[in-house]
Amino acid sequence: MSRFFATGSDSESEESSSAEEITPKATGTAFNKQNLLLSDDEEDTKRVVRSAKDKRFEELTNLIKTIRNAMKIRDMAKCLEEFEQLCRAFLKSKAIVDKEGVPPFYIRLLADLEDYLNQLWEDKEGKKKMNKNNAKALSSLRQKIRKYNRDFETEIANYKENPEQSAEEEEEKEEAESGSYSESEDDGEGVTAKSFMKKKPAAEPAPEASKFLKGAADDESESDDDDDDEIWGSDSTDSGSESEDNEGNAASLALAFLKKAQDGDRQADRKKEERKRRSKRKERAEEEAEEEGLEQEGGEWEKVKGGVPLVKEKPKMFAKGTEINIPVVVKKLNEILQARGKKGTDRAAQIELLHALAAISEENNLGQGIMVKIKFNIIASLYDYNPNLATFMKPDMWKKCLDCIDELLDILFENSNIFIGENIAEDSESLAVSDQPFRVRGCILTLVERMDEEFTKIMQNTDPHSQEYVDNLKDEGRVCNIIDRLLQYLENKGSTEEVCRVYLRRIMHTYYKFDYKTHRRCMGIQGESKSEQDQEESEGEDSAIIMDRLCKFIYAKDRTDRIRTCAILCHIYHHALHSRWYQARDLMLMSHLQDNIQHADPPVQILYNRTMVQLGICAFRQGMIKDAHNALLDIQSSGRAKELLGQGLLMRNMQERNAEQEKIEKRRQVPFHMHINLELLECVYLVSAMLLEIPYMAAHEFDARRRMISKQFHHQLRVGERQPLLGPPESMREHVVAASKAMKMGDWRTCHSFIINEKMNSKVWDLFPEAQRVREMLVRKIQEESLRTYLFTYSSVYDSISMETLAEMFQLELPTVHSIISKMIINEELMASLDQPTQTVVMHRTEPTSLQNMALQLAEKLGGLVENNERVFDLKQGVYGSYFNRDQKGGYQQKQGYQRDSDQRGGYQQRQGYQRDSDQRGGYQQRQGYQRDSDQRGGYQQRQGYQRDQKGGYQQKQGYRGGYRSQNQSSY
Amino acid sequence: MALRRDPASGNSLDSPVKQIQIEGLVVMKIIKHYQEEGQGSEVVQGVLLGLVVEDRLEITNCFPFPQHTEDDADFDEVQYQMEMMRSLRHVNIDHLHVGWYQSTFYGSFVSRALLDSQFSYQHAIEESVVLIYDPIKTAQGSLSLKAYRLTPKLMEICKEKDFSTEGLKKASVGYENMFEEVPIVIRNSHLINVLLWELEDKSTVADKHELLNLSSGSHLEKCLQMLMDRVDEMSQDIVKYNNYSRSLSKQQQQKHQYVQRRQQENAQRQSRGEPPLPEEDLTKLFKPPQAPPRMDSLLIAGQINTYCQTVKEFTSQNLGKLFMAEALQGQGS
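Those protein sequence lines, which keep their order, are chains X and E. The first sequence lines up with residues 1 to 972 when you count with the UniProt record's numbering. The second sequence lines up with residues 1 to 333 when you count with the UniProt record's numbering.
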């Protein structure tokens, strides 16, 4: 208790006061600087308050001086400006004013100003002389002051009656007030507030202030009851303050040395009131939140009582000899909690106190009920520790939090007779040890969810390439463990809703992890690797089974759409990750998520994007190039894959995104350990695009209406072409471009060596769990597509070609070559027929020459021209469906047939010896029909399947990108 | 130099030119000009000199326009021409300006620029013609030189600068009758003829295989390509026109409605005895949409027409060649 020394010490710490002043305002990081308990930093507080008041009043007087000057020179604009500033300053110093009453000089100014303005207003002549700016300022200022003065009517009236006296009165009142303070500030402040109210009923400066005062009074009555004399009573009484100093004036810096202490006291009071008011604001908000039952922190805060909880002596929780029982502890707990969220509260100390309380209650064997309750509060305070949502927990705090939750779960598991729930009212809690089960208010699920979020935050804020990240990541096991235990607990006790929530948490921690154990088991090499690794991963269950069970439960039971959507996406992701392509695809199509994902919130959309990408990569591994391409198209074509997957922010100028948005976006980021490798993604996309695009380009070389399958791939090709000097490929993209060029020539070996080599292996292919299988698939695809490209490109050169030669050239088996060529013939991509006995492909040589192609194009264009012309004609006639229209319809549909009858057109070439008239051809096709082996048919039908997919599924999600973007825009 | 035929046989400005007689010299000069300066799709131009004899325009000489380069922008063409003609006059050459010539690339010469310059020529000197020289066709073995004049109808329109639909309709100008082709006769002096005779005897067998070249696909392709481009342009033009007429009719409708409403109101007012509403300027209320100029599409149509002509000509020739070749092959085998 250093109060009495305060007087002596303040001179040397005077300098520091200005610095101290700022500290309370500084955000969470500053709390370390403050001393732990309020009683210890009393002197500081005094000085802070003192200078605060002085400063405020000085500010006011300065402003008033300027206003008076402006009045003198009739500068209305300046006057208005200053007045506005004054109002603001006054509002800022409201706290002090509430305490002190409205300073007389302020009232004086208001009254004078109003008079002055009225006088000016009446003076028509003068007004006319004024310049426009001034006149405008005058009128607005007049209105303002009229409105403003309404709040101070009484004071102004008083002042006008007796200008001198009112000032004196003011001082008297002050005196009276300060006299009435009982010197233990903690106890006294309520009284002060009350007396303040009573004494100065007329002096309520503003309605706002009165509200506060009332609130204070209400609360005070409560806290009076609550406050335990045992704690506060020990305070020594102080000498009454008979200060006559005119505190109000800023000029009164020359205070009597002695009196400082008392002033300090008073100001401390004032300060506390201020603090209280602030806390009350918060409290109100909290109460509201609680009423909704949605409070995050577990809802322990039934009511934060007014008054500042000042625990004077840390070690001494309870006075000696007090019987420690449950009501006492609860009371104490409430006291501690009252400080929550207040400005001056030391959160670290609060946590300490709670821990101490927990220890005491354990010592005294107060039962598990109270323990649970205290634990809830400890965890909540831990979360509270950081006032800012963006900052993340300190590692030690985080450890503590995990420990606490673990302990809490231990208690809950041990004692099955504890009921917890967020909707158990405070007063219906039963904490006492009795036959009845415990009933404790609080929600363990929200605590764990919050913990999970904190974990994500920690991971987001750690440098992913540091050892620290690895260390942090090790905690994931504990997090999962806690979630698992909670899951077990809630499965027994929780409602389905809660179970769904905790299931989702569990899913979120499972879906992105590749299950190596099961994978190895599937690969059949489990026997040799029964190492410690296996034991580590002994999850008991296959993650696929867990996912399946949890997701299905959610599908069946969940009521909120969001949880189900997330669960479906995670499920698909998990399927895709483990190469269960068909399940994943079916689930994706069945869920119809593609239709409405654009309505979801950004995190879900990010999850959706991740899922789509994983789906695409899965399809690629399975060799379904087209599906892979379709799934990846949207993400890749935007060029913002990084952003869409939540794996980083794109550089953008500040116009598009201010700091606030950036913060929001940063919070959406996926932690590094969940990232999808972007290079892998791009490579998969480009390779699939290559496998699709190159044969397509070869087939439609002369087609004027050729569409690009993949814009991005074309872009890469163009970039490659623009290179002045073509060195050996370095990057992944260059490899793909080089491979594409080789493929264009049908040179599969070069293509293969570009796609699969040391560099690409280390960059991309080795990242797949079944790298070897993927590579084999890829080689095969390259061979097949190269063969197709070769046939498209060079078929015009051949009259016939032996399939054996082709098989040798492309190192494919004869049946495969046969099936590929047959497929091409069936699809009318290749005008040729197979000659069975000699195993050769006989070209019909019916592909139109470039001239013929040109003529076809011209015909098409002319068709368009005629159509346009007819529209003009129609307009003139005003009749639709005229003669021309009918004619045209018949005529221009024929043009689609052109391609098909091209073999007839090539009539004179038939003479060259391959006379295959129509019936022969038909015959061949029949032969073809029964020779079609099963895999070929399967392939063909699958093709149709793709198209269906394409229409039904992937194409639809066109909208989602727009959705995300537009949502972004709207939310920014 | 060129042998001049009785020059001043009377001024026949009022009679249109029915025939053009070109000196061989002029043809050679034009060809030489292109070969020296024109590359690829570049176009060379020059001035024709000569005089009118009855209804026959005789072109006796020419000189090229110098090639423009970017850096000498202040080069005065008119000055150059005048000086050139003056100099030619000094050496006793016809110095009357009777038109101009231009090379063409695959027959694409019908353009706005040509129209404008030919108009100004014809406006100033009535008998002026434009000679179009197609070097590519010439290279294939048949000299292609054509003379064109604007028809009087087109002259009228150009004079009035009225290229709207109505204007063109009134003048009944179609793409067929924009230009009139004037028959050309190439004439050499006797001396030159004699010289040629002599040369023919002396010279070795000329390479005439170009004429029988069968691989004409590339030329045809090129033609088709250009034809397609023009068709595209045409299409766009039509769409533009279509939009215009649609908006016009829409506005017409609105206008009609407005007038009707106004009439009804006025009738009501009249029955109530109030004065009718003042007449407002309807054109101010409804500004008619900007009509697209039709001249361009007319020109495109004309161009398409020439392309078609070329292709037709070309294919008929080629077919003949093909049949011939077939017959020869049949004999050979």
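Every residue, glycine too, gets a C-beta built ideally from N, C-alpha and C. Predicted, not measured: the structure shown is a model, and the values here were computed from it.
Does X:Glu-161 pass the burial test, meaning 16 or more other C-beta atoms within 10 Å, or should it be called exposed? Translated into the one-based positions of the first sequence, residue 161 of chain X becomes position 161. Exposed is the call here.
Report the CB separation of X:Met-743 from X:Ser-795 in whole angstroms; it is logged as a contact under 8 Å. In the first sequence, residue 743 of chain X corresponds to position 743, counting from 1. In the first sequence, residue 795 of chain X corresponds to position 795, counting from 1. So it is not a contact: roughly 16 Å between Cβ atoms.
Do the region 286-298 of chain E and the region 243-262 of chain E meet, that is, are 3 or more Cβ pairs less than 8 Å apart? yes
Alpha-carbon spacing of X:Lys-861 relative to X:Leu-778, whole angstroms: Taking the first sequence and counting its residues from 1, one reaches residue 861 of chain X at position 861. Taking the first sequence and counting its residues from 1, one reaches residue 778 of chain X at position 778. Straight-line Cα distance between these residues: approximately 41 Å.
Identify the contact partners of E:Ile-238 in chain X, using a Cβ-Cβ distance below 9 Å as the criterion. Here residue 238 of chain E refers to the residue found at position 238 when the second sequence is read from its first residue. What E:Ile-238 touches in chain X: Leu-865, Asn-868, Asn-869, Arg-871 and Val-872.
Between the beta-carbon of X:Asp-542 and the beta-carbon of X:Thr-518, is there less than 7 Å? Mapped onto the first sequence, residue 542 of chain X falls at position 542. Mapped onto the first sequence, residue 518 of chain X falls at position 518. Taking 7 Å as the Cβ cut-off, X:Asp-542 and X:Thr-518 qualify as a contacting pair.
For E:Cys-308, count neighbouring Cβ atoms within 10 angstroms of its own Cβ and tell me buried if that reaches 16, exposed if not. Sequence index remark: in the second sequence, residue 308 of chain E carries index 308 (1-based). The residue in question, E:Cys-308, is exposed, as its Cβ has fewer than 16 Cβ neighbours within 10 Å.
So, at 7 Å on beta carbons, what are the nonlocal neighbours of E:Ser-108 in its own chain, with the 5 sequence-adjacent residues on each side left out? Position 108 of the second sequence holds residue 108 of chain E. For E:Ser-108, where only same-chain residues beyond five positions count, the Cβ hits under 7 Å are Met-226 and Gln-303.
Could you tell me which of E:Lys-170, E:Gln-39, E:Ser-189 and E:Glu-274 sits nearest to E:Val-26, measuring between CA atoms? Indexing the second sequence from 1 puts residue 26 of chain E at position 26. Ranking E:Lys-170, E:Gln-39, E:Ser-189 and E:Glu-274 by Cα distance to E:Val-26 puts E:Ser-189 first.
By the three-class DSSP mapping on this structure, what secondary structure does E:Asn-318 have? Within the second sequence, residue 318 of chain E is the residue found at index 318, counting from 1. Helix.
In the DSSP output, which residue or residues are listed as bridge partners for E:Ile-184? Taking the first residue of the second sequence as position 1, residue 184 of chain E is located at position 184. Paired residue(s): E:Ile-20.
Checking 7 Å against the spacing of the C-beta atoms, do E:Ser-103 and E:Val-44 come in under that value? Position 103 of the second sequence, counted from the first residue, corresponds to residue 103 of chain E. Position 44 of the second sequence, counted from the first residue, corresponds to residue 44 of chain E. The answer is yes: Cβ separation under 7 Å.
When DSSP builds the beta bridges, which residues end up paired with E:Pro-64? Translated into positions along the second sequence, residue 64 of chain E becomes position 64. Answer by DSSP bridge pairing, in chain order: E:Gly-46.
So E:Ile-20 and E:Leu-49 are in contact, right, with Cβ under 8 Å, and what is the actual spacing, rounded? On the second sequence, position 20 is the one that residue 20 of chain E refers to. On the second sequence, position 49 is the one that residue 49 of chain E refers to. No, E:Ile-20 and E:Leu-49 are not in contact; Cβ-Cβ is about 13 Å, not under 8 Å.
How should X:Leu-680 be labelled, buried or exposed, when 16 other C-beta atoms within 10 angstroms of its C-beta is the threshold for buried? Along the first sequence, read from residue 1 onward, the residue named residue 680 of chain X stands at position 680. Answer is buried; the Cβ neighbour count reaches 16.
First and last residue of the uninterrupted alpha helix (DSSP H) at X:Thr-456: The residue given as residue 456 of chain X occupies position 456 in the first sequence. First-last of the alpha helix (DSSP H) with X:Thr-456: 444-461.
Members of the region 216-227 of chain E that neighbour chain X once the beta carbon cut-off is set at 7 Å: Gly-217, Leu-220, Glu-221, Leu-224, Gln-225 and Leu-227
Say whether the region 402-410 of chain X touches the region 461-474 of chain X, bearing in mind that this needs 3 or more beta-carbon pairs closer than 8 Å, one atom from each stretch. no
Check each candidate in X:His-752, X:Leu-812 and X:Tyr-696 and name the one with the smallest Cα separation from X:Phe-792. In the first sequence, counting from the first residue as 1, residue 792 of chain X sits at position 792. Selected option, being the one with the closest Cα: X:Tyr-696.
DSSP state of E:Ile-132, grouped into three classes? Numbered from 1 along the second sequence, position 132 holds the residue referred to as residue 132 of chain E. E:Ile-132 falls in the strand class under three-state DSSP.
Apart from the five residues on each side of it in sequence, which residues of its chain come closer than 6 Å, Cβ to Cβ, to X:Leu-408? On the first sequence, residue 408 of chain X is found 408 positions in, with the first residue counted as 1. Correct list, in chain order: Lys-375.
Please classify X:His-715 as buried or exposed, where buried requires at least 16 neighbouring CB atoms within 10 angstroms. Taking the first sequence and counting its residues from 1, one reaches residue 715 of chain X at position 715. Label assigned to X:His-715: exposed.
Based on Cα-Cα distance, which residue from E:Ser-249, E:Met-234 and E:Leu-115 lies nearest to E:Glu-156? Residue numbering aside, residue 156 of chain E sits at position 156 when the second sequence is read from its first letter. Selected option, being the one with the closest Cα: E:Leu-115.
Who are the neighbours of X:Leu-851 on chain C, taking C-beta pairs under 8 Å? Within the model displayed, chain C is absent; protein chains X and E are what it includes.
Pull up the CB-CB distance for E:Val-231 and X:Asn-868, whole angstroms please, since I reckon it's below 8 Å. Your numbering for residue 231 of chain E matches position 231 in the second sequence. Your numbering for residue 868 of chain X matches position 868 in the first sequence. About 11 Å separates the Cβ atoms of E:Val-231 and X:Asn-868, ruling out a contact at the 8 Å cut-off.
What does the alpha-carbon distance come out to for the pair X:Gly-623 and X:Gly-616? Working through the first sequence from its first residue, we reach residue 623 of chain X at position 623. Working through the first sequence from its first residue, we reach residue 616 of chain X at position 616. In this structure, the straight-line span from the alpha carbon of X:Gly-623 to that of X:Gly-616 is close to 11 Å.
7 Å Cβ cutoff, E:Met-324 in contact with chain X: Translated into the one-based positions of the second sequence, residue 324 of chain E becomes position 324. With 7 Å as the cut-off, E:Met-324 does not count as an interface residue toward chain X.
Since E:Thr-165 is in the alpha helix (DSSP H), which residue starts that stretch and which ends it? Position 165 of the second sequence holds residue 165 of chain E. Here the alpha helix (DSSP H) through E:Thr-165 covers 165-171.
Looking only at its own chain, which residues have a Cβ that is under 8 Å from the Cβ of E:Val-182, when we skip the five neighbours before and after it? Here residue 182 of chain E corresponds to residue number 182 of the second sequence, with the count starting at 1. Val-17, Lys-18, Gln-19, Ile-20, Leu-57, Val-129, Ala-147, Tyr-148 and Arg-149, listed in sequence order.
My assumption, with CB atoms under 8 Å, is that E:Pro-292 sits in contact with E:Tyr-241. Please give the rounded CB distance. Counting from 1 along the second sequence, the entry for residue 292 of chain E is found at position 292. Counting from 1 along the second sequence, the entry for residue 241 of chain E is found at position 241. Their Cβ separation, rounded to whole angstroms, is 6 Å, which keeps E:Pro-292 and E:Tyr-241 in contact under 8 Å.
What residue from E:Glu-180, E:Asp-76, E:Lys-321 and E:Met-228 has the CA that sits closest to E:Leu-131's CA? Numbered from its first residue, the second sequence carries residue 131 of chain E at position 131. Taking only the C-alpha atoms, the option nearest E:Leu-131 is E:Glu-180.
Rounded separation between X:Arg-722 and X:Lys-763 - CA only: Here residue 722 of chain X refers to the residue found at position 722 of the first sequence. Here residue 763 of chain X refers to the residue found at position 763 of the first sequence. When rounded, the distance between both Cα atoms is 25 Å.
Hey, would you say X:Ile-418 sits closer than 7 Å to X:Val-448, going by beta carbons? By one-based count along the first sequence, residue 418 of chain X stands at place 418. By one-based count along the first sequence, residue 448 of chain X stands at place 448. For X:Ile-418 and X:Val-448, no; Cβs fall outside 7 Å.
Please list the partners that X:Leu-862 has in chain E, where partner means a Cβ-to-Cβ separation under 8 Å. The residue given as residue 862 of chain X occupies position 862 in the first sequence. Val-231, listed in chain order.
Quick one: list the residues of chain X neighbouring E:Tyr-106, beta-carbon separation under 7 Å, in chain order. For this step, residue 106 of chain E is matched to residue 106 along the second sequence. Neighbours of E:Tyr-106 on chain X: none; closest Cβ ~14 Å, over 7 Å.
Close-in-space but distant-in-sequence residues of the same chain around X:Glu-82 (CB under 8 Å, 5 per side omitted): Locating residue 82 of chain X in the first sequence gives position 82, counting from the first residue. Excluding residues within five positions, the ones whose Cβ falls inside 8 Å are Leu-63, Thr-66, Ile-67 and Ala-70.
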